[in-house]
Every structure is written in structure tokens, then in C-alpha cells.
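Novice: Residue numbering for the sequence shown follows UniProt numbering, starting at 1 and increasing by one per position.
All C-beta atoms, glycine included, are put in the ideal place defined by N, C-alpha and C.
What follows is a single structure, and I will ask about it in a moment.
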Amino acid sequence: MRTPRPARALRLWSRTEGSRKVEEGGRRRVVESPGGRVVAVAAPTVGVEEEFFLLDPRTGSVAAVAPEVIALAAAPRVVTSEIMRYMVETRTPVCLTLDEARAGLAGARVRLAGAASACDVIGVAVGVPPRGLPREVMITETPRYADLLRRFPDRARTSGTCSCHVHVGVANRRLGLQVLRRLRPWLPTLLALTAASPVWEGQDSGWASRRFPLMTGWPTVRPPPDVLSVEAYDAEVRAAVSSGLALDARNVYYLARLSPRYPTVEVRVADVCLTTDDAVAYAGLVRALVATAVDEARRGVPPLPVPDRVLLESCWSAARHGLAGDLRDPRSGERVPTPAVVEGLLDLVGPELAAWGDERIVVPTIEQLVAVGGGAARHRRILRSAGAPAAYARALSELTCPQAS
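Structure, rendered in C-alpha cells:
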């Protein structure tokens, strides 16, 4: 067992970059050029989508009552359907601050918990159903999901998994592509940090994220292509659709992608976070990483070169071990303890966290998660304490939305 690194001192950042000076603090970045021109840059927008299971509190098994829960939630823009009738998705509004994101995340969870309780079920934030997938295919009855089931019957049957998608606004798709190229090397780190679905069919599966191997059955669940132009990126997406690997652009499930619906970079690699605090910290970390990538792209800092094979290998390692294993450090290429890679990521994005006033929100939560061994270790402790899948599911529900407990 590794000794946790001491918590870093909270700090504001100041740096000089080429011909410009950047002073950071508060919620805006102030850039001063050599001629004295001052430009204030607002924080990138952020939005979060979370997926939840609906479970029977008496058994811990999935409960196909999503239509009823969604109707009772009475907020179609906040609580909506997912591919399976035992799942729902919640969405925050487009947010400028992490305080806004927290309000959106917590409010959606409270609304979900209330509607679920009225249907005699519980809402649970976990990557896979604790008792496994049901034999019956309980797909949501929409034309799109019916098409997915026809085209990919084996994949659609195993799509009952829950993740967290973070959208960060970008000025245009060309800049978004440059962001993706710089995010790619850090995707395994984000997966290791959020891996929190070890319990499968009532017992420890040995995986930190049991969700990840299930999701990789879809042929497009992989890192985004490392291409040099938006035209080349779009050609990759079209090729996936035309070759039958995806139903449409929305079904191209890169671990991070240019959103096919919004002017955002969408990071899709994470298990859903158990607590609101974890979800807020993760969203803030992703936003800071995107902002760092934007800054590097504008300054001409080249992306870190990581071959697809190495990146996929690292993703599988992250899913298997979470924070308990080793990962390739994107900067050195050396295999090091995963917490050290997380520390390096926090160092990389520290200036952006400080620029928007997010360091005090993100850093302590991430460091606490590392100190306890990650989400998977926390889930395993809960399972040992609960002793049975149903009690485990109820314990997760209380942490998913403690306000409703």
C-alpha cells in the first residue's frame, strides 16, 4: 500500500509566456500584451451529463420504470431517457462556474431521487448494475434505440452501463480538434481517476471499472483519431458510419470527441461519479484540461505523441487497476504509479484551475480520492460493509443523493 502524497498548498499562479504576461486569480484571466493592451478572458462553459440506474431497493436488481420516473420528475430537459428502461440521464444547464455546475448536478439528483422514491425504486450512480445485466433486453422504445438493437443486437444488449460526459465549450471545431489532440494522452489518467464500478453480479469483479470492458464492445469506443484537420476527423466519422461500425455520428463513441450536437469538446471516458462532490471536481478538472489544451494550441505547443496502441493499452490498465496500478506518464513515457500521473495532471492544469477560482474546489477532492485509493476501493469497502448486493445498492443510493436519504 502506497503512502499518499501530502496535500499540496493551495496557490495562485502567475506565469510569463513568450511575449505576454498572464496574471491569474478569481474567475477571469487577464492577459497583458507588451503594448499594454489588457484582455479579460472568461472561463469556458461546462455542462455535465450523468447516467443512473434505477434499482429495486429490496433486491438490488434493475427496475425498468424509467418512463414513470421521468414523467414524475417533470423536467424533460433535466431528467431524460437512456438506452435501457432501467436507466435515466440527467443534464445540467450550460454553466460558467463550478458553483452553477454543482447546483445543476445536485438539483438533478434530488429531482431524480424524489421521482424514483415515488416509484418505489432508488437511483444509483454506479458504472454497472451491481447484480449484472438482466437476461431480458429492456431497451427504451424509440426508433433510434430500435435501430441500434437491429444493427448491433449483441452490443445493444450489453449497453446497460452508466458514465459521466463533460462538455466544455470551444470557439470552433478547428480549435476543438487541437484540444482533442492534446487531451488524448490524458484519457487513461481520467479513466483511472474515475474508475468506480468494481462490483458485478454481486461480487468484486477484479476490475476497477467493469463498465469499460463492456463499453469497448462498441467498435468506435476508442481514443479519438490523431488527425491534423477537421476535414480528416469528419472523414473518420463518416467512414465509421458508412462501413457499418456506427449507426450515425452520435453513435461514434470516441472516448473524447467533437460533440455532434453542441459547440463543445465532449469527454466520455469516465464512470459516473458516486457523489456530487466527485462529479463537480471531475468536471472542473476536465474544463481546466481543455483550457490548458486551448492555451497550448494557441501558443503552438505540440501535442504529446502517444501511439494509439499505447493509449489503448493504458486505458485497459486504468480500467483494470484504477488508482492502484501504474500508468505511462504522458510526458516521460515511463510507467509510474498512477497517483504520480494524477499529480502531474494537477500540476499541468493548476494555472487554469487558479484562473477561474476552481483550485479550492477541485484539488482537495481529487487528492482525497487518491488518498482513499480511488472510487473502486471505496466501492469495495462499501460492499464488504453491506454484505449483500441489495444493501450495497441502498448504500450507494444514499451517497448518490444524501439530501434525499
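For the beta strand (DSSP E) holding Leu-54, just list the boundary residues, first then last.
Specialist: Within the sequence shown, the letter at position 54 stands for residue 54. Where Leu-54 is concerned, the enclosing beta strand (DSSP E) stretches over 46–55.
Novice: If you reduce the DSSP assignment to three classes, tell me which class Ala-246 lands in.
Specialist: The residue labelled residue 246 in the question sits at position 246 within the sequence shown. Three-state DSSP puts Ala-246 in coil, outside helix and strand.
Novice: Buried or exposed: which applies to Ser-385, given that a residue is buried once 16 or more other Cβ atoms fall within 10 Å of its Cβ?
Specialist: For this step, residue 385 is matched to residue 385 along the sequence shown. Exposed is the call here.
Novice: Go ahead and pull the three-state DSSP assignment for Pro-213.
Specialist: For the purposes of this step, residue 213 is taken as residue 213 along the sequence shown, with counting starting at 1. Three-state DSSP puts Pro-213 in a helix.
Novice: Return helix, strand or coil for Cys-95, following the three-state DSSP convention.
Specialist: Residue mapping note: residue 95 aligns to position 95 of the sequence shown, counting from 1. If DSSP states are grouped into helix, strand and coil, Cys-95 belongs with the strands.
Novice: In angstroms with no decimal places, state the Cα-to-Cα distance between Gly-176 and Asp-120.
Specialist: On the sequence shown, position 176 is the one that residue 176 refers to. On the sequence shown, position 120 is the one that residue 120 refers to. Using only the alpha carbons, I get a separation of about 43 Å.
Novice: Only counting the same chain, and skipping five residues up and downstream in sequence, which positions put a Cβ closer than 8 Å to that of Thr-189?
Specialist: Mapped onto the sequence shown, residue 189 falls at position 189. Here the set comprises Ala-318, Leu-327, Pro-330, Thr-338, Val-341, Val-342 and Leu-345.
Novice: So is Gly-26 buried or exposed if we call it buried at 16+ other beta carbons inside 10 Å?
Specialist: Locating residue 26 in the sequence shown gives position 26, where the first residue counts as 1. The predicted model places Gly-26 with a pLDDT of 37, which falls under 50 and marks its position as unreliable, so this point remains unresolved.
Novice: Per DSSP, Leu-383 is paired with what?
Specialist: Counting from 1 along the sequence shown, the entry for residue 383 is found at position 383. According to DSSP, Leu-383 bridges with nothing at all.
Novice: Skipping 5 residues on each side, what residues in its chain have a beta carbon closer than 7 Å to that of Arg-155?
Specialist: As a position in the sequence shown, residue 155 is number 155, starting the count at 1. Once the five neighbours on either side are set aside, the close Cβ partners of Arg-155 are Gly-217 and Trp-218.
Novice: Given this structure, state the Cα-to-Cα distance separating Arg-360 from Ala-279, to the nearest angstrom.
Specialist: As a working mapping, residue 360 is identified with position 360 in the sequence shown. As a working mapping, residue 279 is identified with position 279 in the sequence shown. Each residue's alpha carbon lies about 15 Å from the other.
Novice: Beta-carbon within less than 6 Å of Leu-98's beta-carbon, same chain only, minus the 5 sequence neighbours each way: which residues are those?
Specialist: Here residue 98 is taken as the residue at index 98 of the sequence shown, counted from 1. Hits under 6 Å: Val-280, Gly-284, Asp-358 and Ile-361.
Novice: Measuring CB to CB, does Ser-197 end up less than 8 Å from Ile-83?
Specialist: Here the question's residue 197 lines up with position 197 in the sequence shown. Here the question's residue 83 lines up with position 83 in the sequence shown. Not closer than 8 Å, so no.
Novice: Which of the three DSSP states is assigned to Cys-119 in this structure?
Specialist: Looking up residue 119 in the sequence shown gives position 119. The answer is coil: DSSP assigns Cys-119 none of H, G, I, E or B.
Novice: Keeping to the same chain, check which residues put their C-beta closer than 7 Å to that of Pro-130; ignore five residues upstream and five downstream.
Specialist: Locating residue 130 in the sequence shown gives position 130, where the first residue counts as 1. Cβ neighbours of Pro-130 beyond the five flanking positions: Gly-60, Val-199, Gly-202, Pro-389, Tyr-392 and Ala-393.
Novice: Nearest-angstrom Cα distance between Leu-228 and Arg-309?
Specialist: Counting from 1 along the sequence shown, the entry for residue 228 is found at position 228. Counting from 1 along the sequence shown, the entry for residue 309 is found at position 309. Cα to Cα, the separation comes out at about 19 Å.
Novice: Measure the beta-carbon distance from residue 434 to Cys-315 and round it to whole angstroms, keeping in mind my assumption that it falls under 8 Å.
Specialist: No information on residue 434 is available, as it lies outside the stretch 1 to 405 that the chain covers here.
Novice: Could you give the first and the last residue of the continuous beta strand (DSSP E) run that contains Gly-169?
Specialist: Locating residue 169 in the sequence shown gives position 169, counting from the first residue. Element bounds for Gly-169: 163–169.
Novice: What separation, rounded to the nearest whole angstrom, lies between the Cα atoms of Arg-58 and Ile-122?
Specialist: On the sequence shown, residue 58 is found 58 positions in, with the first residue counted as 1. On the sequence shown, residue 122 is found 122 positions in, with the first residue counted as 1. Going from the Cα of Arg-58 to the Cα of Ile-122 covers about 10 Å.
Novice: Could you tell me the boundaries of the alpha helix (DSSP H) in which Ala-391 lies?
Specialist: As a working note, residue 391 is residue 391 in the sequence shown. Counting along the chain, the alpha helix (DSSP H) containing Ala-391 begins and ends at 389–400.
Novice: Can you give the Cα-Cα distance for Asp-248 and Leu-312, rounded to whole angstroms?
Specialist: Along the sequence shown, one-based indexing puts residue 248 at 248. Along the sequence shown, one-based indexing puts residue 312 at 312. Cα to Cα, Asp-248 sits roughly 23 Å from Leu-312.
Novice: From Val-137, Gly-300 and Tyr-282, pick the residue whose C-alpha is nearest to that of Val-179; which is it?
Specialist: As a working note, residue 179 is residue 179 in the sequence shown. The shortest Cα separation from Val-179 among Val-137, Gly-300 and Tyr-282 belongs to Gly-300.
Novice: Look at the alpha carbon of Thr-400 and the alpha carbon of Leu-274, and state the distance between them as a whole number of angstroms.
Specialist: Locating residue 400 in the sequence shown gives position 400, where the first residue counts as 1. Locating residue 274 in the sequence shown gives position 274, where the first residue counts as 1. Thr-400 and Leu-274: Cα-Cα distance of roughly 6 Å.
Novice: Only counting the same chain, and skipping five residues up and downstream in sequence, which positions put a Cβ closer than 8 Å to that of Glu-89?
Specialist: Your numbering for residue 89 matches position 89 in the sequence shown. Same-chain partners within the cutoff: Glu-49, Glu-50, Glu-51, Phe-52, Val-79, Thr-80, Ser-81 and Glu-82.
Novice: Per DSSP, what are the beta-bridge partners of Leu-258 in this structure?
Specialist: As a working mapping, residue 258 is identified with position 258 in the sequence shown. Per DSSP, Val-265.
Novice: I need the DSSP call for Arg-173, collapsed to helix, strand or coil.
Specialist: Taking the sequence shown and counting its residues from 1, the one referred to as residue 173 is at position 173. Looking at Arg-173 - three-state DSSP - the assignment turns out to be helix.
Novice: On the criterion of 16 or more Cβ atoms from any shown chain inside 10 Å, does Ser-243 qualify as buried, or is it exposed?
Specialist: As a first step, residue 243 must be located in the sequence shown, where it is residue number 243. Exposed, by the Cβ-count rule.
Novice: Quick check on this structure: which residue in Arg-287, Leu-183, Cys-164 and Phe-152 has the alpha carbon closest to the alpha carbon of residue 445?
Specialist: Residue 445 is absent from the model: the chain starts at 1 and stops at 405.
Novice: Quick one, which of Arg-157, Pro-307, Ala-74 and Leu-289 has its alpha-carbon nearest Arg-222's?
Specialist: Working through the sequence shown from its first residue, we reach residue 222 at position 222. It is Pro-307.
Novice: Alpha carbon to alpha carbon, how far is Leu-54 from Pro-6? Give it in angstroms, no decimals.
Specialist: Taking the sequence shown and counting its residues from 1, the one referred to as residue 6 is at position 6. Taking the sequence shown and counting its residues from 1, the one referred to as residue 54 is at position 54. Residue confidence for Pro-6 is low, a pLDDT of 39 falling below 50, so the modelled location carries little weight and cannot support an answer.
Novice: Considering only C-alpha positions, which residue in the set Val-65, Ala-73, Val-94 and Val-128 is nearest to Val-46?
Specialist: For the purposes of this step, residue 46 is taken as the residue at position 46 of the sequence shown. Checked all of Val-65, Ala-73, Val-94 and Val-128; the closest Cα to Val-46 is Val-94.
Novice: List the endpoints of the continuous alpha helix (DSSP H) containing Asp-295.
Specialist: Reading the sequence shown from its first residue, position 295 is the one you call residue 295. Asp-295 -> alpha helix (DSSP H) spans 276–299.
Novice: Taking 8 Å as the threshold (C-beta atoms), are Ala-288 and Ala-349 in contact?
Specialist: Along the sequence shown, read from residue 1 onward, the residue named residue 349 stands at position 349. Along the sequence shown, read from residue 1 onward, the residue named residue 288 stands at position 288. At residue 349 the sequence reads Val, which differs from the Ala that was named. Taking 8 Å as the Cβ cut-off, Val-349 and Ala-288 qualify as a contacting pair.
Novice: Using alpha carbons as the reference points, say which of Val-128, Arg-182 and Asp-56 lies closest to Asp-204.
Specialist: Taking the first residue of the sequence shown as 1, we reach residue 204 at position 204. It is Val-128.
Novice: Taking 8 Å as the cut-off, decide whether the C-beta atoms of Val-290 and Val-265 are in contact.
Specialist: Along the sequence shown, read from residue 1 onward, the residue named residue 290 stands at position 290. Along the sequence shown, read from residue 1 onward, the residue named residue 265 stands at position 265. Yes, the pair counts as a contact, with Cβ atoms nearer than the cut-off.
Novice: How many angstroms separate the CA atom of Pro-134 from the CA atom of Val-62?
Specialist: The residue labelled residue 134 in the question sits at position 134 within the sequence shown. The residue labelled residue 62 in the question sits at position 62 within the sequence shown. Taking the straight line joining both Cα atoms gives about 7 Å.
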